[in-house]
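Data block below; observations after.
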Amino acid sequence: MNSDIASNENVDLWSMGKCIFCKGKIEEDSKILKCLHIICKDCTKRENTDSGIGCKCKIVTKGELIDYSTMAPNQTQVKICCEKNCQVIAKKICMHCKNVYCKPCSKTHSIKNEDHNPAFMMTYPLKKEFVPCPKCMEKSVEVFCIKCSIMLCPLCHLNFHQQHDFKLLSNMAVETKAELQTLLTDISKENNHLNFIMQMSNENITKLKSEKKKIKDKIDERIKMIHEEADKRGLELKKLLETNFSNAVNNINMNNMIINDFKKENDYYYSLTSSVINRDKIVEYIKLSKIIKDQMVIAKRHTQDMPKEATKCKAELIYNDEQSVNKIIESIQGMGNIISSNIFSLSEFKTTVDSNNVLQTLENNRSPILRSGPVMILPGMVKLEKDNCKMITDEDSDSSDFEPMVNCSCCNQFSEELLIHCTSCDRFYHNHCHIPPLAKELKSNDPSLKFWKCTLCHDILKHASNLREKNMTGHIDSSGRKIIERILLELYCQNEDSEHYRECVDGKVYPEYYDQISNPISLNNIKQRLEFDASYTSLVGILKDMKKVMTNGKTYYSSSSHPYYKSAYELEISLDRMISLWLPTLDRAYLE
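Just so we're aligned: the sequence shown equals residues 1 to 592 in UniProt numbering.
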């Protein structure tokens, strides 16, 4: 029985056969609830809702209810004759109509109802656990026909079921009790096992809380480190600002001093020449003219030949931070990741087991006497009927093993097949979706995948360092291929943005796209060329095509508010970030 049943207070199932709601008498049209309590016809109509029937023991029953199989009365209490105006204690019971009569009225009843064979009139009260043979209604049942799953008297079994194996009910009662005791023992063991699992789960929660605190402290530590480095860099930049400012001012003052010297020199020669000219000593200023003219030419050249940069007298302090700050922000936005391992969903497992396995297990394990009784039909279960002991199953039932569905991190599609699982980041991939693709015959349970890591979890920095001094327009090498595979898979795993650019636009639906876009290309085109065509000979060529995918998208969806434009913009930012991070020496002019 379900844990929700076990958690409720036990209610006596054999409470005089009364309705659990109204305590009324149980009739043939009564029903059995999931909790095995009985509900009468009137209460079934009254208590039934869209969500099922909620019993007083808090268990909700959904779906089809089981008929309550009433048997011949076995009450031992005294009853009064059911004939009108007769108050005599009943001594007889008619097994046909199941009414009780005193001795005189029983004779009258037999005369009035000729179809009620006198043999149907039995002594009342009946013997404890007396059940009349359903075949002859004259003798009590003593044997159980194993093939037909019915109880009979020995004579009827001999007459009608002679070729069928049988068991005595007394022996079956002992066997059934032993089986039920074994089930109780098994359930007790299972409960101990479940208690252990719950204890481990609670310990796991405690461990998760501890890990949560550690990770939170580590995040605070890393953020503090970033703040400290930012403050440190801020002080360095301010100090550098002061140095550049002082140097600029000193250089300007030095230039002013030299300009002032030039001015004084000009003033001196201006005064000297004026004094010579104003004097009437012709011989003297003719003798001095050669020297004066040479000095004046030199002074004049100081001003005329002065560099234009000096004459503009324009000095600036430039703070170039936009590109570097954007990179830092993108790095911080993508800093770290928090994931949890997959936790198996017991609720889905429980639903599947209830629907497909429980009834079959009960049918296989319980004794024939248990099989003869009413079968509990829960939502989605198969229904067992007694017709020739065949099982009629629900067409929608599924007997396959339960496997939780997971989605591929690349194509974002759910799959019933087992995907390849990365042991480092808990991502899942189809063999053909991963970049580079995995062998088709490789299965998820392959021993070689025990410690397998996807491309996103590989250390890419060593390959990036290999490319720093290389010509990226030349032939692509293994390190370049690793960088490209990483970049391309990162773009694919941005599912919400990349799904619009994995295939080119359908020309039949959007013919105007091919009028606007002269060189259509998609991520899948790039992936196929990288895998099969070998048409890419340089790293720059692949990056240009990736850039082209985003450029085409922004050109066609020209409005910046269009969601597809935004997706192209986000993909381009990611591409630029990865190029800056792993290919910092690449000249961006090659990608234009």
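From the three backbone atoms N, C-alpha and C, an ideal C-beta is built for every residue, glycine too.
For residue 334 and residue 577, the rounded distance between their alpha carbons: 10 angstroms
Fully enclosed by the stretch 147-217, which beta strand (DSSP E) runs are 3 residues long or longer? 150-152 and 166-168
Kindly give me the distance between the Cβ atoms of residue 89 and residue 102, rounded to whole angstroms, as I take these residues to be in contact under 8 angstroms. 7 angstroms
With distances taken Cα to Cα, identify the nearest neighbour of residue 458 among 94, 531 and 422. 422
Going straight from the alpha carbon of residue 575 to that of residue 244, what length do you get? 35 angstroms
Grouping DSSP H, G and I as helix and E and B as strand, with all else coil, what is residue 51? coil
Continuous alpha helix (DSSP H) stretch holding residue 550: start and end: 539-556
Beta-bridge pairing of residue 38 - partner residues as DSSP gives them: 32
Is the separation between the beta-carbon of residue 442 and that of residue 491 shorter than 8 angstroms? no
Run through DSSP, which three-state label would residue 302 get? helix
Have a look at 43, 248 and 33 and flag the residue whose alpha-carbon is nearest the alpha-carbon of residue 25. 43
Unbroken alpha helix (DSSP H) runs of length 4 or more, entirely within the stretch 241-278: which are they? none
Distance check for residue 557 and residue 312, CA to CA, integer angstroms please. 47 angstroms
By the three-class DSSP mapping on this structure, what secondary structure does residue 479 have? helix
Please check the pair residue 134 and residue 146, which I expect to be a contact at CB under 8 angstroms, by giving their CB distance rounded to whole angstroms. No, residue 134 and residue 146 are not in contact; Cβ-Cβ is about 16 angstroms, not under 8 angstroms.
Go ahead and pull the three-state DSSP assignment for residue 451. coil
What does the alpha-carbon distance come out to for the pair residue 336 and residue 585? 25 angstroms
Cα separation between residue 636 and residue 322? Outside the displayed range of the chain (1 to 592) lies residue 636, so it cannot be described from this structure.
Taking the straight line between their C-alpha atoms, what separation do you get for residue 539 and residue 519? 19 angstroms
Alpha carbon to alpha carbon, how far is residue 407 from residue 567? Give it in angstroms, no decimals. 21 angstroms
Alpha carbon of residue 516 to alpha carbon of residue 229, nearest angstrom: 48 angstroms
With a Cβ-Cβ cutoff of 8 angstroms, do residue 479 and residue 467 count as a contact? yes
I think residue 550 touches residue 581, with their Cβ atoms under 8 angstroms apart; what is that distance to the nearest whole Å? In fact, because the Cβ distance is near 18 angstroms, the residues do not count as touching under 8 angstroms.
Would you check if there are 3 or more beta carbon pairs closer than 8 angstroms linking the stretch 27-37 to the stretch 45-59? yes
Considering only the beta carbon of each residue, do residue 476 and residue 463 sit closer than 8 angstroms? no
Could you check what DSSP says for residue 335 in three-state terms: helix, strand or coil? coil
For residue 554 versus residue 536, is the C-beta spacing smaller than 8 angstroms? no
Got a sec, what are the start and stop residues for the beta strand (DSSP E) residue 92 sits in? 92-94
Quick one: is residue 200 buried, meaning 16 or more other Cβ sit within 10 Å of its Cβ, or exposed? exposed
Is the CB-CB distance between residue 598 and residue 166 below 8 angstroms? For the chain, the structure presents residues 1 to 592; residue 598 sits outside this window and is missing.
Delimiting residues of the alpha helix (DSSP H) encompassing residue 466: 461-467
How would you write the range of the alpha helix (DSSP H) that residue 513 sits in, first residue to last? 511-516
Do you know offhand how far residue 450's Cα is from residue 532's? 28 angstroms
Identify, in the order they occur along the chain, each residue of the same chain with its Cβ nearer than 8 angstroms to the Cβ of residue 296, setting aside the five sequence neighbours on each side. 269 and 273
Coil, strand or helix - residue 582 by DSSP: helix
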